[in-house]
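Down below is the structure, laid out as structure tokens.
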Amino acid sequence: MKSQEKDSRFHGNLYNYILGIADNSLILAQRLGELCGHGPSLETDIAITNISLDLLGQTRSYYQYAAKLAGEDKTEDDIAFLRIEREYKNVLLVEQPNTHFGHVMARQFLFDVYHLMLMERLQNSQDETLVAIAKKGIKEVSYHKRFSSDWVKRLGDGTDESNQKMQEAINDLWRYTDELFDETEADKAMIDEGIGIAVSEMKETYYEKVSEILEEATLEIPERKYFTRGGKKGVHTEHMGYILADLQYMQRTYPNMTW
Amino acid sequence: MENNKKNWPLWEIFVRSKNGLEHRHFGSLHAADAEMAMENARDVYTRRNEGVSIWVVESKNITASNPKDNGEMFEPAQDKIYRHPTFYDLPDDVKHM
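Protein chains in written order, with UniProt numbering: chain W, 1 to 259; chain U, 1 to 97.
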């Protein structure tokens, strides 16, 4: 293979690999952002928005890096706002709608445990930029996990009603967890390069960590039997279109607008 | 606050903004327990890099002086200027007094 061809394939895979990580943060940030001003208390409202902004900040670092790889004057905004639904590679878990606060915390918890494990491993990547982003992000993500785990325990081990609601939320979202550990073509290519993280190898540890907290929260650990997947391949749930409509409205309506 | 059971208790938040400085009262917030108060304080009061250390204490544990007693509490100190160390001649070598 010509070295030029090999180069461009490498860049393409790296680009897709970065988006695979970043899109999770963007869509979850957007979901949490929807709650701004709607938190159950002033304190939790600020906490949720803080987490949203942390994730958005991480997304920007990833997209800036991806835009540089893409060349052709591409910017982070192009990547965030001008793709169609199929081109977003976030997992189904993060696009699930906000319902009640317990449900939001359950979604956050199931993602945070995974996210922290990923950041820990990404610090040993062969790619300097990804290492730098992970080193900065890991402190934020550690706090997210602490916050969401606390709420899962608090509500799980709270009143009968809060326990029931938290159990239902975990049961409802459980089906989206297995997808976190799927490896795409870009994942595999980047794992071979020593850049990507073999997420499939994180799976058992993830379920152990999650189960530990669920037990502490006096919640039942659902069966690992029925799972839904597709986001990593761009096949999303019916909620995704609405998120993008919100997210992209300004750029679609007033192309190239800036603040 | 028996009639107010549904609200989380109030906590007073003290933040030290730099090592070497003292903790200062920053404000108050609601939380179910100390752990939550700590997390809420972190999110509400230190999100713009205001602090390196946080203390939280439930407001009910603070005993405050009663404004009604201000006369007997504070006024007697007003005319005791001799309690300020301002009647000494300081040697020139002593600075920062």
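Backbone N, C-alpha and C fix where the C-beta goes; we use that ideal spot for every residue, glycine too.
C-beta contact flag for residue i and residue j at 8 Å
i, j, result
"residue 17 of chain W", "residue 231 of chain W", "no"
"residue 57 of chain U", "residue 12 of chain U", "yes"
"residue 38 of chain U", "residue 62 of chain U", "no"
"residue 8 of chain U", "residue 41 of chain U", "no"
"residue 193 of chain W", "residue 126 of chain W", "yes"
"residue 119 of chain W", "residue 202 of chain W", "no"
"residue 45 of chain W", "residue 37 of chain W", "yes"
"residue 82 of chain W", "residue 52 of chain W", "no"
C-alpha distance - residue i paired with residue j, whole-angstrom precision
i, j, result
"residue 257 of chain W", "residue 250 of chain W", "8 Å"
"residue 138 of chain W", "residue 94 of chain U", "50 Å"
"residue 85 of chain W", "residue 147 of chain W", "30 Å"
"residue 248 of chain W", "residue 242 of chain W", "10 Å"
"residue 61 of chain W", "residue 70 of chain W", "14 Å"
"residue 183 of chain W", "residue 151 of chain W", "30 Å"
"residue 71 of chain U", "residue 149 of chain W", "51 Å"
"residue 19 of chain U", "residue 51 of chain U", "9 Å"
"residue 221 of chain W", "residue 214 of chain W", "7 Å"
"residue 223 of chain W", "residue 211 of chain W", "11 Å"
"residue 59 of chain U", "residue 48 of chain W", "25 Å"
"residue 244 of chain W", "residue 39 of chain W", "22 Å"
"residue 3 of chain W", "residue 13 of chain W", "15 Å"
"residue 73 of chain W", "residue 185 of chain W", "26 Å"
"residue 1 of chain U", "residue 59 of chain W", "Annotation note: pLDDT 43 at residue 1 of chain U (below 50); position unreliable, no value reported."
"residue 5 of chain W", "residue 161 of chain W", "59 Å"
"residue 9 of chain W", "residue 206 of chain W", "31 Å"
"residue 75 of chain U", "residue 156 of chain W", "54 Å"
"residue 41 of chain W", "residue 121 of chain W", "35 Å"
"residue 80 of chain U", "residue 88 of chain U", "16 Å"
"residue 254 of chain W", "residue 20 of chain W", "27 Å"
"residue 10 of chain U", "residue 50 of chain W", "22 Å"
Whole-number beta carbon distance between residue j and residue i, since they are thought to touch under 8 Å
i, j, result
"residue 115 of chain W", "residue 141 of chain W", "5 Å"
"residue 144 of chain W", "residue 167 of chain W", "With a Cβ gap of about 22 Å, residue 144 of chain W and residue 167 of chain W do not count as contacting."
"residue 318 of chain W", "residue 153 of chain W", "No information on residue 318 of chain W is available, as it lies outside the stretch 1 to 259 that chain W covers here."
"residue 111 of chain W", "residue 178 of chain W", "Actually they are not in contact, since the Cβ atoms of residue 111 of chain W and residue 178 of chain W sit about 13 Å apart, beyond 8 Å."
"residue 21 of chain U", "residue 43 of chain W", "Residue 21 of chain U to residue 43 of chain W, Cβ: 25 Å. No contact."
"residue 123 of chain W", "residue 113 of chain W", "The pair is not a contact, with the Cβ atoms about 17 Å apart (cut-off 8 Å)."
"residue 27 of chain W", "residue 90 of chain W", "4 Å"
"residue 176 of chain W", "residue 55 of chain W", "Contact doesn't hold; Cβ gap of about 17 Å is too wide."
"residue 169 of chain W", "residue 106 of chain W", "4 Å"
"residue 236 of chain W", "residue 97 of chain W", "Not a contact, Cβ separation roughly 13 Å."
"residue 218 of chain W", "residue 171 of chain W", "So it is not a contact: roughly 15 Å between Cβ atoms."
"residue 234 of chain W", "residue 15 of chain W", "Going by Cβ atoms, the distance from residue 234 of chain W to residue 15 of chain W rounds to 15 Å, so no, they are not a contact pair."
Cβ neighbours of residue i in the same chain (closer than 8 Å, five flanking residues each side left out)
i, result
"residue 24 of chain U", "14, 15, 16 and 17"
"residue 246 of chain W", "30 and 34"
"residue 46 of chain U", "15 and 54"
"residue 77 of chain U", "83"
"residue 135 of chain W", "123"
"residue 95 of chain W", "27, 31, 231, 236, 237, 239, 240 and 243"
"residue 173 of chain W", "93, 96, 103, 106, 107 and 110"
Alpha helix (DSSP H) segment containing residue i, residue limits
i, result
"residue 161 of chain W", "160–174"
"residue 151 of chain W", "128–156"
"residue 92 of chain W", "92–95"
"residue 30 of chain W", "3–33"
Close beta carbons around residue i, own chain, < 7 Å, minus the five adjacent residues each side
i, result
"residue 75 of chain W", "67"
"residue 63 of chain W", "22, 76, 79 and 80"
"residue 65 of chain U", "73"
"residue 65 of chain W", "18 and 129"
"residue 34 of chain U", "56"
"residue 259 of chain W", "none"
Residue i, enclosing beta strand (DSSP E) - first and last residue
i, result
"residue 27 of chain U", "24–30"
"residue 55 of chain U", "53–58"
"residue 48 of chain U", "No beta strand (DSSP E) contains residue 48 of chain U, which DSSP labels as neither H nor E."
"residue 90 of chain U", "Here residue 90 of chain U belongs to no beta strand (DSSP E), and DSSP marks it neither H nor E."
"residue 12 of chain U", "10–16"
Residues near residue i in its chain [Cβ-Cβ closer than 6 Å; skip 5 each side]
i, result
"residue 187 of chain W", "196"
"residue 198 of chain W", "191"
"residue 27 of chain U", "13"
"residue 11 of chain W", "69"
"residue 181 of chain W", "199, 200 and 203"
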